[in-house]
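Notes to accompany the following structure.
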Amino acid sequence: MLEREFFARATVDVARDLVGCVLEVDAGTSAHVSARVVEVEAYLGLGDPASHAYRGPTPRAAIMFGEPGHLYVYFSYGVHHCANLVTESRGTAGAVLLRAASVEAGEDTVRLRRGGAVPREALLRGPGNLCRGLGISLLDNGLDVCSGDARLSVSPPASRPRITVSRRVGITAAADRALRFAWDGHAAVSAPRPGREQARRLVGTKKGTG
DNA sequence: TGGACGATTGACT
DNA sequence: GTCAATCGTCCAT
Numbered sequence: 049m050l051e052r053e054f055f056a057r058a059t060v061d062v063a064r065d066l067v068g069c070v071l072e073v074d075a076g077t078s079a080h081v082s083a084r085v086v087e088v089e090a091y092l093g094l095g096d097p098a099s100h101a102y103r104g105p106t107p108r109a110a111i112m113f114g115e116p117g118h119l120y121v122y123f124s125y126g127v128h129h130c131a132n133l134v135t136e137s138r139g140t141a142g143a144v145l146l147r148a149a150s151v152e153a154g155e156d157t158v159r160l161r162r163g164g165a166v167p168r169e170a171l172l173r174g175p176g177n178l179c180r181g182l183g184i185s186l187l188d189n190g191l192d193v194c195s196g197d198a199r200l201s202v203s204p205p206a207s208r209p210r211i212t213v214s215r216r217v218g219i220t221a222a223a224d225r226a227l228r229f230a231w232d233g234h235a236a237v238s239a240p241r242p243g244r245e246q247a248r249r250l251v252g253t254k255k256g257t258g
């Protein structure tokens, strides 16, 4: 299991090192799921306009200013949840968004939660789908993944995968920063749909930003 | 207290 | 390629 020191580092370093790690959910129960992280994004806090912590420790973002190694879960678009791991030392905001993972064990449990006919590599692809497949909700917000008795923990990989760095997906602020880390060539990595970014930019002109 | 917006997704044309 | 769903959070009043 990863110790708290792993998370108490620069967010970018934690994000890069998380790719290839294994999420252990509900270990020791019939709902146990193992999933290998294949894609993450770094959110830097006060200096990062795309981060929820950009405006300081609001009630929602306060957890990102707290102890590293905790889970930050938020509800987005009224539809789904997104899960982050808090980084940096206490008092400094930072978090790593879990965007995609590959199911290693407990595939039946994940399929039950996802429903329908989903290809194996797509079961945990996309931040919303990842949370649904792993059963992560607002109830898990604040979970300490380093405590050893939470329903979620993270284990280091046997070997480091090759990683590609690119721009973050689905944001309008600081969109050019290369803070997305993905397992090079892995089938479970998510990708923005063709034309999606362009459409979003056109919508953005409504706000006079263009 | 009201209104705008969003770290997305699935469905439809 | 295009669009609607849906609600918590945050800022302005």
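Mapping the first sequence onto the numbering used here, position 30 (from 1) lands on 78, and the numbers just tick up by one. We put the beta carbon where it would ideally sit given N, CA and C, even for glycine. None of these values were measured; they are calculated from a predicted model.
Checklist entry - For Asp61, which of helix, strand or coil comes out of DSSP? => result One-based indexing of the first sequence puts residue 61 at position 13. Three-state DSSP puts Asp61 in a helix.
Next on the checklist: I need the boundaries of the beta strand (DSSP E) containing Glu53, first residue and last residue.
Outcome noted: The residue given as residue 53 occupies position 5 in the first sequence. Boundaries for Glu53: no beta strand (DSSP E) harbours it, while the alpha helix (DSSP H) harbouring it runs Arg52 to Phe55, taken from the DSSP string.
Next on the checklist: Only counting the same chain, and skipping five residues up and downstream in sequence, which positions put a Cβ closer than 7 Å to that of Val237?
Outcome noted: One-based indexing of the first sequence puts residue 237 at position 189. Annotation for Val237: Val86, Glu87, Ala148, Ala230 and Trp231 place their beta carbon closer than 7 Å to its own, counting only its chain and skipping 5 residues before and after.
Checklist entry - If Val144 sits next to Ala63, beta carbons under 8 Å apart, how far is it from one beta carbon to the other, in whole angstroms? => result The residue you call residue 144 lines up with position 96 of the first sequence. The residue you call residue 63 lines up with position 15 of the first sequence. Contact annotation, Val144 with Ala63: C-beta distance approximately 5 Å; criterion of less than 8 Å satisfied.
Checklist entry - If you pair each beta-carbon of the region 101 to 120 with each one of the region 132 to 139, do three or more pairs fall below 8 Å? => result Cβ pair count under 8 Å is three or more, so yes.
Checklist entry - Among residues of its own chain, excluding the 5 on either side of Thr212, which ones have a beta-carbon nearer than 7 Å to its beta-carbon? => result Working through the first sequence from its first residue, we reach residue 212 at position 164. Excluding residues within five positions, the ones whose Cβ falls inside 7 Å are Ala230 and Asp232.
Checklist entry - Residues in its own chain within less than 6 Å of Thr257 by CB, not counting five upstream and five downstream? => result Along the first sequence, one-based indexing puts residue 257 at 209. In this prediction, Thr257 has a pLDDT of 30, which is less than 50 and means its spatial position is unreliable; nothing more can be read from the coordinates.
Item to check | Between the CA atoms of Glu51 and Arg159 - distance to the nearest angstrom | outcome: Counted from its first residue, the first sequence places residue 159 at position 111. Counted from its first residue, the first sequence places residue 51 at position 3. Looking at the two C-alpha atoms, the distance is approximately 30 Å.
Next on the checklist: Is it buried or exposed, Val151, if we count other Cβ atoms within 10 angstroms and call 16 or more buried?
Outcome noted: As a first step, residue 151 must be located in the first sequence, where it is residue number 103. Buried, since its Cβ has 16 or more Cβ neighbours within 10 Å.
Next on the checklist: Give the list of continuous beta strand (DSSP E) stretches no shorter than 3 residues that lie fully inside the region 183 to 221.
Outcome noted: For the region 183 to 221, the full-length beta strand (DSSP E) segments reaching 3 residues or more read 200 to 203 and 211 to 214 along the chain.
Item to check | When Ser82, Ala226 and Thr77 are compared against Gly68, the one with the closest alpha-carbon | outcome: As a working mapping, residue 68 is identified with position 20 in the first sequence. Of the listed residues, the one whose Cα sits closest to Gly68 is Ser82.
Next on the checklist: For the beta strand (DSSP E) containing Leu146, name the first residue and the last one.
Outcome noted: Here residue 146 refers to the residue found at position 98 of the first sequence. Leu146 -> beta strand (DSSP E) spans Ala143 to Ala153.
Checklist entry - Are Arg216 and Leu227 close, meaning C-beta to C-beta below 7 Å? => result Walking along the first sequence from the start, residue 216 turns up at place 168. Walking along the first sequence from the start, residue 227 turns up at place 179. Cβ distance < 7 Å, so Arg216 and Leu227 count as in contact.
Checklist entry - Excluding the five sequence neighbours on either side, which residues of its own chain have a C-beta within less than 7 Å of the C-beta of Gly190, listed in chain order? => result Numbered from 1 along the first sequence, position 142 holds the residue referred to as residue 190. Excluding sequence neighbours, Gly190 sits near Ile111, His118 and Leu119.
Item to check | Test item: CB-CB of Gly183 and Arg162 under 7 Å | outcome: If you number the first sequence from 1, residue 183 lands on position 135. If you number the first sequence from 1, residue 162 lands on position 114. The Cβ atoms of Gly183 and Arg162 do not sit closer than 7 Å to each other.
Checklist entry - CA-CA distance, His80 and Asp74? => result Walking along the first sequence from the start, residue 80 turns up at place 32. Walking along the first sequence from the start, residue 74 turns up at place 26. One Cα belongs to His80, the other to Asp74, and the distance between them is close to 5 Å.
Checklist entry - Quick one: what's got a C-beta closer than 7 Å to Pro204's C-beta in the same chain, skipping five residues either side? => result Taking the first sequence and counting its residues from 1, the one referred to as residue 204 is at position 156. These residues qualify, in order along the chain: Leu50 and Cys69.
Item to check | Host beta strand (DSSP E) of His129 (start-end) | outcome: Indexing the first sequence from 1 puts residue 129 at position 81. Residues His128 to Val134.
Checklist entry - For Val237, does the three-state DSSP call read helix, strand or coil? => result Here the question's residue 237 lines up with position 189 in the first sequence. In the three-state reduction of the DSSP assignment, Val237 falls in the coil class.
Checklist entry - For the candidate residues Glu89, Leu94, Leu66 and Ala223, whose alpha-carbon lies nearest to that of Gly174? => result Here residue 174 corresponds to residue number 126 of the first sequence, with the count starting at 1. Nearest C-alpha to Gly174: Glu89.
Item to check | Separation of Ser195 from Ala56, as counted between CA atoms | outcome: As a first step, residue 56 is located in the first sequence; it is residue number 8 there, counting from the start. As a first step, residue 195 is located in the first sequence; it is residue number 147 there, counting from the start. C-alpha separation (whole angstroms): 15 Å.
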